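**Q** To start, I am sharing the structure in question, which I have written as structure tokens.
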Amino acid sequence: MTERLYHADSRLLDFDAAVVARREHQGRPAVVLDRTAFYAESGGQPWDTGTLGEARVLAVIEDGDEVVHVLDRPLAEARVHGRVDAARRRDHLQQHHGQHLLSRAFVEVARAETAAFHLGGDDTTIDLDRAVSEELAAKAEARANDVVWQARPVRVSLLSADEARATGLEPPEGVRTGIRIVDAEGFDRQPCGGTHPATTAEVGVILVTALERYKGGTRVHFVCGHRAASAFRLRQHVVGQLVATLSAPLPELPEAVLRLKDEVAAAQKRAAALLERALEGEARRLLADARGEGPAPSLVAPATVVATFDNWPAEDLRQLAQQLVSLAPCVALLASRSDKAQLVFAQSEGLPHDVPALLKAAVAELGGRGGGRGNLAQGGGDRLERLDAALAAARSALASPR
Ligand SMILES: [Zn+2]
Numbered sequence: 030m031t032e033r034l035y036h037a038d039s040r041l042l043d044f045d046a047a048v049v050a051r052r053e054h055q056g057r058p059a060v061v062l063d064r065t066a067f068y069a070e071s072g073g074q075p076w077d078t079g080t081l082g083e084a085r086v087l088a089v090i091e092d093g094d095e096v097v098h099v100l101d102r103p104l105a106e107a108r109v110h111g112r113v114d115a116a117r118r119r120d121h122l123q124q125h126h127g128q129h130l131l132s133r134a135f136v137e138v139a140r141a142e143t144a145a146f147h148l149g150g151d152d153t154t155i156d157l158d159r160a161v162s163e164e165l166a167a168k169a170e171a172r173a174n175d176v177v178w179q180a181r182p183v184r185v186s187l188l189s190a191d192e193a194r195a196t197g198l199e200p201p202e203g204v205r206t207g208i209r210i211v212d213a214e215g216f217d218r219q220p221c222g223g224t225h226p227a228t229t230a231e232v233g234v235i236l237v238t239a240l241e242r243y244k245g246g247t248r249v250h251f252v253c254g255h256r257a258a259s260a261f262r263l264r265q266h267v268v269g270q271l272v273a274t275l276s277a278p279l280p281e282l283p284e285a286v287l288r289l290k291d292e293v294a295a296a297q298k299r300a301a302a303l304l305e306r307a308l309e310g311e312a313r314r315l316l317a318d319a320r321g322e323g324p325a326p327s328l329v330a331p332a333t334v335v336a337t338f339d340n341w342p343a344e345d346l347r348q349l350a351q352q353l354v355s356l357a358p359c360v361a362l363l364a365s366r367s368d369k370a371q372l373v374f375a376q377s378e379g380l381p382h383d384v385p386a387l388l389k390a391a392v393a394e395l396g397g398r399g400g401g402r403g404n405l406a407q408g409g410g411d412r413l414e415r416l417d418a419a420l421a422a423a424r425s426a427l428a429s430p431r
């Protein structure tokens with residue numbers, strides 16, 4: 030059995046101990062000591078880290094009565110000096126004791142019981158058994174902070190199961206004696222094996238950062254102490270950048286963002302209208318050129334428009350093709366040249382060509398793929414040097430009888 034020094038003193042970070050067993054845990058060396066100040070993961074509170082002699086403590090886990098320290102290297106000594114990482118311990122202590130106080134405040138304010146607690150590297154949550162509004166969460170937060178700022182003494186006592194029941198506490202299942210009761214004076218009293226401060230003031234401050242609906246209840250995200258300071262600094266940094274970028278003071282940021290969204294939407298609408306006008310102009314110019322070509326230009330025979338552009342998006346090519354085939358009876362063989370070749374082929378209603386087949390042959394020439402239906406098809410390929418040949422082949426295929 031390992032004596033757990035943190036039960037009696039959460040501030041003890043340095044200790045000496047004897048190695049009583051050597052093990053292996055998932056391929057890493059591990060030791061059991063006769064006594065330890067390292068907290069072993071349990072009850073939603075993660076393990077401590079630190080050093081044992083020269084070895085780094087990577088994980089601390091419970092194995093029955095024993096505490097197993099998983100190390101980054103083997104430990105040869107029979108006696109070792111242990112040192113617990115102080116910042117991590119303080120962080121866990123603040124989040125964990127803050128959770129006791131916040132959970133109690135939710136019982137008081139909303140009659141909401143905590144069904145689960147999770148203390149993660151960045152995020153700490155409690156799951157309440159009922160839905161709680163933002164207003165009630167703010168009340169619970171205020172109540173818990175009052176208790177923090179009153180610096181109430183936190184006492185730990187050991188009771189038997191019967192003694193615990195006599196004071197109205199349900200002891201953990203299967204535990205008969207030595208039930209550890211953590212008491213934040215006059216506010217919260219509960220069985221717990223975690224690390225706790227001497228007074229509630231060490232929690233610093235409790236901030237609820239988000240609420241979400243969860244399993245018919247509410248998941249409450251919160252930060253305590255140093256994490257609250259870090260969370261505030263992060264938000265200050267982000268808000269500061271937004272204030273500078275949008276040239277709006279903090280209280281007006283939401284309005285400034287909404288205004289910007291409206292402006293972007295209006296600009297996009299105008300850009301789309303201008304593009305449509307520009308493409309229509311381009312389509313009329315291409316049709317005029319196509320009709321002027323050849324030995325016997327005709328105003329009634331369908332025109333064939335073949336054109337290549339630099340760096341046009343496929344979407345613009347398609348819009349241009351649609352403009353062309355709707356303005357006059359024609360076949361449009363359009364291409365864009367960028368790091369690869371894009372093709373859009375189209376024909377007006379009533380013309381006889383198999384446009385998808387025409388396109389498939391052309392993209393095969395470009396070493397690519399494509400497809401379409403009815404009068405419109407598109408695709409592309411990497412062999413840019415074959416683009417002119419592919420368009421010429423498509424054009425002569427139009428002339429051959431089907
Ligand atoms: Zn606790």
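Each number in the numbering used here comes from the position in the sequence shown (counting from 1) with 29 added on.
C-beta: ideal position from N, C-alpha, C; glycine also.
Since the model is a prediction, treat every value here as computed from it, not as a measurement.
Measure the C-alpha to C-alpha separation of W76 and D101 and round it to an integer number of angstroms.
**A** So the two alpha carbons sit approximately 15 Å from each other.
**Q** So, with DSSP's three-state summary, where would you put S365?
**A** Strand at S365.
**Q** The alpha helix (DSSP H) that contains V392, what's its start and end?
**A** Run containing V392: V384 to E394, per the alpha helix (DSSP H) assignment.
**Q** In or out: G93 buried (at least 16 other Cβ within 10 Å) or exposed?
**A** So G93 ends up on the exposed side.
**Q** Leaving out the 5 sequence neighbours to the left and right, which residues in its chain are closer than 7 Å to S327 when beta-carbon positions are compared?
**A** At S327 the pLDDT is 49, less than 50, meaning the model places this residue with poor confidence; the figure from the coordinates comes in the next sentence. Excluding positions up to five away in sequence, the list is empty.
**Q** Tell me, to the nearest whole angstrom, how far the beta carbon of T337 is from that of A319; I am working on the premise that it is less than 8 Å.
**A** No, T337 and A319 are not in contact; Cβ-Cβ is about 14 Å, not under 8 Å.
**Q** Rounded to the nearest angstrom, what separates L315 and R264 at their Cα positions?
**A** The alpha-carbon atoms of L315 and R264 are separated by roughly 55 Å.
**Q** Around the Cβ of E414, are there at least 16 other Cβ atoms within 10 angstroms (buried) or fewer (exposed)?
**A** That one is exposed.
**Q** Does at least one heavy atom of ligand 1 sit under 6 Å from the Cβ of V211?
**A** Under cutoff, so the answer is yes.
**Q** Give me the Cα-Cα distance between A105 and R117, rounded to the nearest whole angstrom.
**A** Each residue's alpha carbon lies about 27 Å from the other.
**Q** Could you check if G269 is buried or exposed, using at least 16 other CB atoms within 10 Å of its CB as the buried criterion?
**A** By the 10 Å Cβ count, G269 comes out exposed.
**Q** Answer yes or no: do Q128 and G223 have a C-beta to C-beta separation smaller than 7 Å?
**A** Cβ distance not < 7 Å, so Q128 and G223 don't count as in contact.
**Q** Name, in chain order, the residues that DSSP records as bridge partners for P58.
**A** Paired residue(s): E53.
**Q** Can you give, in chain order, each stretch of the alpha helix (DSSP H) that sits fully within the segment 257-322 and has at least 4 residues?
**A** If we require 4 residues or more, the alpha helix (DSSP H) runs fully inside the segment 257-322 come out as 282-321.
**Q** List the residues that DSSP assigns as beta-bridge partners of D156.
**A** In the DSSP output, where bridge partners are listed per residue, D156 has A145 and R248.
**Q** Would you call D217 buried or exposed, if buried means 16 or more other Cβ atoms sit within 10 Å of its Cβ?
**A** Buried, because 16 or more other Cβ atoms sit within 10 Å of the Cβ of D217.
**Q** Looking only at its chain, what residues have a beta carbon closer than 7 Å to the beta carbon of E32, apart from the 5 residues adjacent to it on each side?
**A** For E32, where only same-chain residues beyond five positions count, the Cβ hits under 7 Å are D63 and R64.
**Q** Any idea if T154 is buried or exposed, counting beta-carbon neighbours within 10 angstroms, 16 or more meaning buried?
**A** Looking at its Cβ environment, which holds 16 or more other Cβ atoms inside 10 Å, T154 is buried.
**Q** By Cβ distance below 6 Å, which residues in the same chain neighbour Q124 in space, the five residues on each side in sequence not counted?
**A** Excluding positions up to five away in sequence, the list reads L148, T153 and C253.
**Q** For R288, count neighbouring C-beta atoms within 10 Å of its own C-beta (all shown protein chains included) and say buried if the count is 16 or more, exposed if not.
**A** It counts as exposed.
**Q** Apply the 10 Å Cβ neighbour rule to Q297 and answer buried if 16 or more other Cβ atoms are within range, or exposed otherwise.
**A** By the 10 Å Cβ count, Q297 comes out exposed.
**Q** Just to confirm, are L405 and A428 a CB contact at a threshold of 7 Å?
**A** No, the Cβ-Cβ distance between L405 and A428 is not below 7 Å.
**Q** If we call anything under 7 Å between Cβ atoms a contact, is A88 one with L130?
**A** Contact: no.
**Q** Going by other Cβ atoms of all chains shown within 10 Å of its Cβ, with 16 needed for buried, is T247 buried or exposed?
**A** T247 should be labelled buried.
**Q** If you count every other CB in all the chains shown that lies within 10 Å of the CB of W341, and 16 or more means buried, which is it?
**A** Under this definition W341 is a buried residue.
**Q** According to DSSP, is H225 part of a helix, a strand, or is it coil?
**A** Residue state, collapsed to three classes: coil.
**Q** If we count the other Cβ atoms within 10 Å of its Cβ and call it buried at 16 or more, is Q407 buried or exposed?
**A** Looking at its Cβ environment, which holds 16 or more other Cβ atoms inside 10 Å, Q407 is buried.
**Q** Tell me the residue span of the beta strand (DSSP E) that contains Q371.
**A** It spans A370 to Q376 - the beta strand (DSSP E) in which Q371 sits, taken as one unbroken run.
**Q** Can you give me the Cβ contacts of D411 inside the same chain, cut-off strictly under 6 Å, excluding the 5 residues immediately before and after it?
**A** The answer, listed in chain order, is K369 and G396.
**Q** Alpha carbon to alpha carbon, how far is F146 from P220? Give it in angstroms, no decimals.
**A** Each residue's alpha carbon lies about 15 Å from the other.
**Q** If the criterion is Cβ atoms closer than 7 Å, does the pair V109 and L81 meet it?
**A** Yes, the Cβ-Cβ distance between V109 and L81 is below 7 Å.
**Q** Below 8 Å on the Cβ atoms is my guess for L363 versus V373; work out the distance and round it to an integer in Å.
**A** Between V373 and L363 the Cβ distance is about 5 Å, and since that is below 8 Å, they are a contact.
**Q** Going by CA-CA distance only, name the one from A166, R398 and C359 that's closest to R424.
**A** Considering only alpha carbons, the answer is C359.
**Q** Could you check where the alpha helix (DSSP H) with G127 kicks off and where it finishes?
**A** First-last of the alpha helix (DSSP H) with G127: A115 to A139.
**Q** Give the straight-line distance between the Cα atoms of A301 and A295, rounded to the nearest whole angstrom.
**A** So the alpha carbons of these two residues sit roughly 10 Å apart.
**Q** Going by alpha carbons, who is nearest to L308 out of A169, V136 and V354?
**A** Nearest of A169, V136 and V354 to L308, Cα basis: V354.
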